[in-house]
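Trainee: Mind having a look at this structure? Questions to follow.
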DNA sequence: TGCGGCTATTG
DNA sequence: CACAATAGCCGCAG
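This is the structure we're talking about:
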């Protein structure tokens, strides 16, 4: 194959960075250091085959602009094995969420942040930024060194030569990013994290494409138990809704009208039954359960209404394909601490509906979740030897309870309270004992808290920038300014732990993903501290052992001093709900 | 039509 | 009801 030979001729070795730009319709562009950019178009009969072969033969680390490149590759029938994702690394370096090529380029080149046009639609020939029209030629880079704002979206620039130029830009940025990552003071893990964050982007593209297996008839049965059978007509749906409402409204005084979807009305309705509440949240009403049938019926109505509006038949129809796969969009790192997010309720599926997530015939799920990940991560990032010692126990809270001289439940609340920034209530007493038992961990959290309060940016252990400034408290009274400072403090305190946990989780997921490559097993869900794998039945036990081993590998990479132990619960199951939650 | 408030679900 | 997220409905401002 031509491409593989060209890469070899350019001296590309396994793991070297090679720029990649893809367009499903028109071809691909590839750029390697020391070689002229290579455009793969009409002359290459099968672009996917050429890339697949080049990958197997040479095995570079493909530089992608974003997860969209991975999606395009999947569209061509090729799963990128490893990448350097410019958007993911950019987010690591400078925090936040937006990572357009123009911003990525400017950051990597030390240029001022470009003013990004707010575009509702992709650019066309008539919406070119005036600054782009500078006579610097047709390439991607403007005379002022910035990237042109209309690259590469315009369809007139998806020819192989333009894609090759685009791949060349990607390679150049990746080299600069790698230097910046390497130069981060006191963050030796950042290069490793950059690669696992890149892998997470690949995984996001794959999760979006493959979806989560759902037993649709079972899902319909579960939904029906809450809101009745699938309505056949609009009138049917209205009648079912009215019937649901009536189950609550029958408790209202005759001649009154209350709208159940308006909290103020619900409060009035409760008052009409002699019940005074400051708000109508379920946890508050739960305390009043049994005191009046209205409360019980209202709580049941809320549950059904939630299913009807968010996880009902419309949801099923919109997001579950004819192949029984539930598909949403995945993001590799959110704006705050860098956790993965997913749309269409993949992360908030109510426990009652989880029995509908069923492995396909001949397959099983391997469900694995990290145990007590946040306190273990706190022990690692802070370097607290006493807390690290507690991680040797399968149940970290047992030794912590002994260290604090309290019961397990109190110990757990205290530790979580410290990580979330709770300063009042039941945990306050135990918090003082935490200070005495784990001074290093507690001062780590306190320092993060102070950073948040004064608006000083932080980096997680893996190097992700958590942006905390600038603070705008114009027009705030002192009370409100203090309240916001405290909120920033709690946010910062938590971000250092949650963000580090997200890094470890993604590293684990990346190792698992690599080990599954070439097998018929696949990751189908990531849920902050939990992985769900879908594998052929006969491979279940092997995959279960593999995820445990993969955790060992990820932990050794992320926390190389080995002082902290990480544990995972693993089960081979047919339904997501089969394992304990 | 966009946005903040309220509510629900999850880790 | 601490920390984070997505998502839906309501009322209100523009």
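Residue numbers (this note's numbering): 27 to 607. Glycine included, each C-beta is placed from N, C-alpha and C at the ideal position. For clarity, every value in this text was computed on a predicted model and none was experimentally measured.
#1: Looking at C-alpha atoms only, which residue of 89, 348 and 83 is the closest neighbour of residue 47?
#2: Hey, would you say residue 306 sits closer than 8 Å to residue 289, going by beta carbons?
#3: Which same chain residues, not among the five before or five after residue 178, have their C-beta less than 6 Å away from its C-beta?
#4: Quick check on the burial criterion: 16 or more other C-beta atoms within 10 angstroms. Buried or exposed for residue 411?
#5: What does a CB cutoff of less than 6 Å around residue 646 pick up in its chain, not counting 5 residues either side in sequence?
#6: Given a cut-off of 8 Å, decide if residue 483 and residue 492 are closer than it, judged by their beta-carbon atoms.
#7: Can you name, in chain order, every residue of its own chain whose Cβ lies under 6 Å from the Cβ of residue 567, other than the five neighbours on each side?
#8: Could you give the distance in angstroms between the alpha-carbon of residue 384 and the alpha-carbon of residue 239?
#9: Should residue 413 and residue 464 be called a contact, given that it needs their Cβ atoms to be closer than 8 Å?
#10: Per DSSP, residue 90 is paired with what?
#11: Does the contact criterion of 3 or more C-beta pairs under 8 Å hold for the stretch 374 to 389 versus the stretch 417 to 429?
#12: Since residue 228 and residue 96 are thought to touch, with beta carbons under 8 Å apart, how far apart are those beta carbons, to the nearest angstrom?
#13: From residue 55 to residue 187, what distance separates their C-alpha atoms?
#14: Going by DSSP, what residue range makes up the alpha helix (DSSP H) through residue 301?
#15: Within the continuous alpha helix (DSSP H) that includes residue 322, where are the two ends?
#16: Are the CB atoms of residue 518 and residue 474 nearer to each other than 8 Å?
#17: Start and end of the alpha helix (DSSP H) containing residue 394?
#18: Could you give the residue range of the alpha helix (DSSP H) that holds residue 381?
#19: Can you tell me whether residue 302 is buried or exposed, with buried defined as 16 or more other CB within 10 angstroms of its CB?
#20: Can you tell me whether residue 417 is buried or exposed, with buried defined as 16 or more other CB within 10 angstroms of its CB?
#21: By Cβ distance, which residues of its chain are closer than 7 Å to residue 295, with the 5 residues on each side in sequence left out?
#22: Starting from residue 345, trace the alpha helix (DSSP H) in both directions and tell me its first and last residue.
#23: If you draw a straight line from the alpha carbon of residue 182 to that of residue 189, how long is it in whole angstroms?
#24: Quick check on DSSP: helix, strand or coil for residue 556?
#25: Let me know if residue 259 comes out buried or exposed under the rule of 16 or more other beta-carbons within 10 Å of its beta-carbon.
#26: Check residue 38 in the structure and name its three-state DSSP category.
#27: Sort 129, 40, 75 and 344 by Cα distance to residue 28 and report the nearest one.
#28: Would DSSP call residue 4 helix, strand or coil?
#29: Quick check on residue 312: buried or exposed, where buried means 16 or more other Cβ atoms within 10 Å of its Cβ?
#30: If you follow the beta strand (DSSP E) that residue 595 is in, where does it begin and where does it stop?
#31: To the nearest angstrom, report how far apart residue 230 and residue 571 are at their CA atoms.
#32: Could you say which of 245, 441 and 547 lies nearest to residue 375 if we only look at CA atoms?
#33: Determine contact between the stretch 476 to 490 and the stretch 527 to 537, defined as no fewer than three beta-carbon pairs at a distance below 8 Å.
#34: With the cut-off set at 8 Å, would you say residue 372 and residue 551 are in Cβ contact?
#35: Report yes if the C-beta distance between residue 253 and residue 270 is below 8 Å; otherwise report no.
#36: So within the stretch 178 to 233, which uninterrupted alpha helix (DSSP H) runs reach at least 4 residues, ignoring any that extend past its ends?
Mentor: This is what the structure holds:
#1: Start at 1 with the first residue of the first chain, and residue 47 comes out as number 21. The candidate whose alpha carbon is nearest that of residue 47 is 89.
#2: Counted from its first residue, the first chain places residue 306 at position 280. Counted from its first residue, the first chain places residue 289 at position 263. Cβ distance < 8 Å, so residue 306 and residue 289 count as in contact.
#3: As a first step, residue 178 must be located in the first chain, where it is residue number 152. Cβ within range, chain order: 192.
#4: Against the first chain, residue 411 aligns to sequence position 385. Exposed, since its Cβ has fewer than 16 Cβ neighbours within 10 Å.
#5: Lying outside 27 to 607, the shown extent of the chain, residue 646 is not represented and no answer is given.
#6: On the first chain, residue 492 is found 466 positions in, with the first residue counted as 1. On the first chain, residue 483 is found 457 positions in, with the first residue counted as 1. Yes.
#7: To locate residue 567, count along the first chain from 1; it is residue 541. Hits under 6 Å: none found.
#8: Here residue 384 corresponds to residue number 358 of the first chain, with the count starting at 1. Here residue 239 corresponds to residue number 213 of the first chain, with the count starting at 1. Each residue's alpha carbon lies about 6 Å from the other.
#9: Translated into the one-based positions of the first chain, residue 413 becomes position 387. Translated into the one-based positions of the first chain, residue 464 becomes position 438. Yes, they are a contact pair.
#10: For the purposes of this step, residue 90 is taken as the residue at position 64 of the first chain. Residue pairing by DSSP puts residue 90 in a beta bridge opposite 111.
#11: no
#12: Stepping through the first chain from its first residue, residue 228 is reached at position 202. Stepping through the first chain from its first residue, residue 96 is reached at position 70. Indeed they touch by this definition, with Cβ atoms about 5 Å apart.
#13: Residue numbering aside, residue 55 sits at position 29 when the first chain is read from its first letter. Residue numbering aside, residue 187 sits at position 161 when the first chain is read from its first letter. Cα-Cα distance, rounded: 7 Å.
#14: Counting from 1 along the first chain, the entry for residue 301 is found at position 275. Taken as a continuous stretch (DSSP letters only), residue 301 belongs to no alpha helix (DSSP H), as it is neither H nor E.
#15: Here residue 322 refers to the residue found at position 296 when the first chain is read from its first residue. From DSSP, the alpha helix (DSSP H) with residue 322 extends over 319 to 336.
#16: Counting from one through the first chain, the residue named residue 518 turns up at place 492. Counting from one through the first chain, the residue named residue 474 turns up at place 448. Result yes, Cβ atoms of residue 518 and residue 474 sit closer than 8 Å.
#17: Locating residue 394 in the first chain gives position 368, counting from the first residue. It is not in any alpha helix (DSSP H) - residue 394 instead sits in the beta strand (DSSP E) that spans 389 to 396.
#18: Mapped onto the first chain, residue 381 falls at position 355. Careful: residue 381 lies outside any alpha helix (DSSP H) and carries neither H nor E.
#19: Sequence index remark: in the first chain, residue 302 carries index 276 (1-based). It is exposed - the Cβ of residue 302 has fewer than 16 other Cβ atoms within 10 Å.
#20: The count along the first chain starts at 1 and reaches residue 417 at position 391. Classification of residue 417: buried, given that the 10 Å Cβ count is 16 or more.
#21: Here residue 295 refers to the residue found at position 269 of the first chain. Answer for residue 295: 278 and 284, listed in chain order.
#22: Taking the first residue of the first chain as position 1, residue 345 is located at position 319. Segment 339 to 345, the alpha helix (DSSP H) holding residue 345.
#23: Numbered from its first residue, the first chain carries residue 182 at position 156. Numbered from its first residue, the first chain carries residue 189 at position 163. If I take the Cα positions, the gap works out to 11 Å.
#24: On the first chain, residue 556 is found 530 positions in, with the first residue counted as 1. DSSP places residue 556 in strand when its eight states are reduced to three.
#25: Here residue 259 refers to the residue found at position 233 when the first chain is read from its first residue. With fewer than 16 other Cβ atoms within 10 Å, it is exposed.
#26: Within the first chain, the letter at position 12 stands for residue 38. Reduced to three states, the DSSP call for residue 38 is coil.
#27: Mapped onto the first chain, residue 28 falls at position 2. Comparing Cα-Cα distances from residue 28 to each of 129, 40, 75 and 344, the minimum goes to 75.
#28: In the structure as shown, the chain begins at 27 and stops at 607. Residue 4 is therefore absent and cannot be evaluated.
#29: Working through the first chain from its first residue, we reach residue 312 at position 286. Classification of residue 312: exposed, given that the 10 Å Cβ count is below 16.
#30: Against the first chain, residue 595 aligns to sequence position 569. That run of the beta strand (DSSP E) goes 594 to 599.
#31: Position 204 of the first chain, counting from 1, holds the residue named residue 230. Position 545 of the first chain, counting from 1, holds the residue named residue 571. C-alpha separation (whole angstroms): 24 Å.
#32: What you label residue 375 is simply residue 349 of the first chain in a count that begins at 1. The candidate whose alpha carbon is nearest that of residue 375 is 245.
#33: yes
#34: Working through the first chain from its first residue, we reach residue 372 at position 346. Working through the first chain from its first residue, we reach residue 551 at position 525. Yes. Within cutoff.
#35: Stepping through the first chain from its first residue, residue 253 is reached at position 227. Stepping through the first chain from its first residue, residue 270 is reached at position 244. The beta carbons of residue 253 and residue 270 sit closer together than 8 Å.
#36: 186 to 209
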